[in-house]
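Notes to accompany the following structure.
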Amino acid sequence: MKIIHFLIGLIFIVIVVPIVATLVPTGPVKFMTVTGNSMEPTITSSDIIVVDTTKTQPVVGDIVSYHHTFEENQRLIVTHRIVGVEIGGYRTRGDAYTKADGYIVTPEDVIGVMCFKIPYLGELVHFAGTSKGLLLLVIFPALILIVQELREITRLIER
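Mapped onto the numbering used here, the consecutive letters of the sequence shown carry residue numbers 387 to 545.
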């Protein structure tokens, strides 16, 4: 029984904590998932990146996350490397590309500078967003816990 509780706790730490960290604001440090391939091979869609929002003066070479409004007024978060500093902001580029982005990122749009990445956990977060992921990562473990607790209660009542 102790082994099962240990395994459930381990699963909780490995699976649930990173998922929640990407969904809940965590102060000056943000955990973010990556959805595209523009930063490969440095960052892949299977990574979670950790962004420091207190770094307000990024320099050339830093990887930054920022807000960008694309056509159709679609405002998304983009993570690219700073390749130049210009009047009014920063020139960025995805590591997978040879040309810089066709826009300047203003300092106001910068969310922060990437500190490090956590490999492979992004896949879990993406999977958790599916109905199969919800079933396997939340509902199924919850049912196991409920059944175990009901067995324990039954044993205590029988004594």
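Every residue gets a Cβ at the ideal spot worked out from N, C-alpha and C, and that includes glycine.
Tell me the DSSP secondary structure of residue i in three-state form.
i: residue 438; result: strand
i: residue 421; result: coil
i: residue 518; result: helix
i: residue 460; result: strand
i: residue 485; result: coil
i: residue 467; result: strand
Checking 7 Å against the spacing of the C-beta atoms, do residue i and residue j come in under that value?
i: residue 503; j: residue 394; result: no
i: residue 390; j: residue 452; result: no
i: residue 493; j: residue 468; result: no
i: residue 499; j: residue 433; result: no
Roughly how many whole angstroms lie between the Cα atoms of residue i and residue j?
i: residue 450; j: residue 463; result: 10 Å
i: residue 419; j: residue 535; result: 34 Å
i: residue 506; j: residue 430; result: 9 Å
i: residue 459; j: residue 478; result: 20 Å
i: residue 544; j: residue 538; result: 10 Å
i: residue 414; j: residue 441; result: 9 Å
i: residue 437; j: residue 501; result: 6 Å
Since residue i contacts residue j with CB under 8 Å, what's their CB separation in whole angstroms?
i: residue 490; j: residue 474; result: 6 Å
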